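Note sheet for the following structure.
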Amino acid sequence: MKVPINSPLISQLISYPKLDIYEYHNRMIDLYKIGVKDAILEGPTKVCELNILGKGHSGIVLKVNAFSKKTMALKIRRVDSRRMDSLTEVFNHKLANLVGIGPQIIDNTNDLILMELITGKGIYEWLQDPTTFHLLTSTNIINIVNQILEQCYRLDVLHLDHGELTRIDNHVMVSENNHISIIDFESASTKRKPCNVTSATQALLLSGGSISRKICKFINLKDPDLLLNCLKKYKKIKNRQNFENVISLLNGKS
């Protein structure tokens with residue numbers, strides 16, 4: 020369902036979770052400034068009985084149309100967020116964009132982030148969905164894991180720690196053509212020691228959770244201890260050679 024961005028129906032989404040008239044008024048001005056025309060009430064998450072793309076501790080994400088007629092994603096800072104604005108998230112997200120990671124940011128204000136719409140499924144849903152069962156081959160799974168870790172390596176080189184990759188199901192999308200996107204830089208920081216490769220490898224292969232159990236059915240990890248040792252060496256010295264040593268184990272080499 021498509022509704023104008025100024026529709027009373029979605030006022031509580033613009034100022035979520037509690038309608039604040041002052042915030043709503045300011046955000047409406049900003050929405051017109053960045054060219055948002057309509058909200059498209061679609062997505063897997065329900066808020067205020069309306070379908071949206073997602074909800075987190077600090078923001079909600081809507082599918083929107085711009086005056087340019089392009090369909091995009093809009094992240095709106097929650098009025099109860101402990102973060103005073105979205106500017107640090109925007110800075111870190113744009114850093115990731117510099118190395119081809121994450122949906123491209125189109126525009127932003129203090130409270131709004133307008134970005135490229137990423138289509139696909141979260142990695143957990145992709146692994147469980149019966150409609151993608153035919154794609155679950157060792158070749159495809161290894162390709163997906165390699166893509167994720169390659170993007171994590173680029174983030175490590177940037178010295179940008181994503182901060183949430185231990186909860187990888189909420190932060191990696193898989194497209195219809197099996198390309199991956201790391202999303203949501205809300206908790207990212209350049210002030211922490213980056214641990215993207217180690218966090219993602221743990222979540223994908225070593226945690227024993229539902230995602231790693233599924234993936235390990237397709238990746239023959241002969242010696243988990245050897246992988247752990249490679250990760251320890253990589254953690255000490257984050258260079259390409261140590262990263263390649265990790266990748267080689269996933270590809271059945273040693």
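In this note's numbering, the protein residues as written are 20 to 273. Every residue, glycine too, gets a C-beta built ideally from N, C-alpha and C. Because the structure is a prediction, the values reported are computed rather than measured.
Query raised in the report: Which residue's Cα is closest to the Cα of residue 111: 40, 59, 35 and 181?
Result: Answer by Cα proximity: 181.
Query raised in the report: Where does residue 27 land, buried or exposed, given buried means 16+ other C-beta within 10 angstroms?
Result: Only exposed fits residue 27, as fewer than 16 other CB atoms lie within 10 angstroms of its CB.
Query - Opening and closing residue of the alpha helix (DSSP H) in which residue 116 lies - result: For residue 116, the enclosing alpha helix (DSSP H) starts and ends at 106-117.
Query raised in the report: Taking the Cβ atom as the reference point for each residue, do residue 179 and residue 208 lie within a distance shorter than 9 Å?
Result: In contact: residue 179 and residue 208 (Cβ atoms closer than 9 Å).
Report task. Please state whether DSSP places residue 90 in a helix, a strand or coil. Result -> Here residue 90 sits in strand by DSSP.
Requested in this report: Count the other CB atoms, across all protein chains shown, that sit within 10 Å of the CB of residue 256; report buried if there are 16 or more and exposed otherwise.
Outcome: So residue 256 counts as exposed.
Query raised in the report: CA-CA distance, residue 117 and residue 65?
Result: If I take the Cα positions, the gap works out to 33 Å.
Query raised in the report: What are the start and end residues of the beta strand (DSSP E) that includes residue 30?
Result: Careful: residue 30 lies outside any beta strand (DSSP E), inside the alpha helix (DSSP H) at 30-33.
Query raised in the report: If you draw a straight line from the alpha carbon of residue 79 to that of residue 31, how long is it in whole angstroms?
Result: Cα to Cα, the separation comes out at about 11 Å.
Requested in this report: Quickly, what does DSSP pair residue 58 with across the bridge? List them, please.
Outcome: The partner list for residue 58 (beta bridge, DSSP) reads 22 and 83.
Query raised in the report: Unbroken beta strand (DSSP E) runs of length 3 or more, entirely within the stretch 179-220: which are they?
Result: Runs of the beta strand (DSSP E) inside the stretch 179-220: 191-193 and 199-201.
Query raised in the report: How would you label residue 153, buried or exposed, when you count the other beta carbons within 10 angstroms and need 16 or more for buried?
Result: Burial call: exposed.
**Report entry** C-beta contact flag for residue 171 and residue 215 at 9 Å
**Finding:** Yes, they are a contact pair.
**Report entry** For residue 66, three-class secondary structure by DSSP
**Finding:** Strand, per DSSP.
Query raised in the report: Rounded C-beta distance between residue 51 and residue 98? I'm assuming under 8 Å.
Result: Rounded to whole angstroms, the Cβ separation of residue 51 and residue 98 is 19 Å, and the two are not in contact under 8 Å.
Requested in this report: Grab me the residues of residue 183's own chain with a C-beta within less than 6 Å of its C-beta, minus the 5 sequence neighbours each way, in chain order.
Outcome: So the qualifying residues of the chain are 190 and 206.
Query - Touching by the beta-carbon criterion (3+ pairs, under 8 Å), the stretch 129-136 and the stretch 229-238 - result: Pairwise C-beta distances place the stretch 129-136 out of contact with the stretch 229-238, as fewer than three of them are shorter than 8 Å.
Requested in this report: Check residue 95 in the structure and name its three-state DSSP category.
Outcome: Look at residue 95 here: in three-state DSSP terms it is strand.
Report task. List the residues that DSSP assigns as beta-bridge partners of residue 127. Result -> Bridge partners of residue 127: 132.
Query - Where the alpha helix (DSSP H) through residue 259 begins and ends - result: First-last of the alpha helix (DSSP H) with residue 259: 259-269.
Query raised in the report: Can you tell me whether residue 194 is buried or exposed, with buried defined as 16 or more other CB within 10 angstroms of its CB?
Result: With fewer than 16 Cβ atoms within 10 Å of its Cβ, residue 194 is classed as exposed.
Requested in this report: Kindly list the residues whose CB is nearer than 8 Å to the CB of residue 161, restricted to its own chain and excluding five residues on each side of it in sequence; keep chain order.
Outcome: The beta carbon of residue 161 lies closer than 8 Å to those of 237, 238, 269 and 270 in the same chain, with the five residues before and after it left out.
Query raised in the report: For residue 120 versus residue 142, is the C-beta spacing smaller than 9 Å?
Result: Residue 142 sits away from residue 120, with the two beta carbons spaced by 9 Å or more.
Query - Presumed contact (8 Å Cβ cut-off) between residue 132 and residue 94, rounded CB distance - result: Taking a contact as a CB-CB distance under 8 Å, the pair residue 132 and residue 94 counts as one, their CB atoms being some 4 Å apart.
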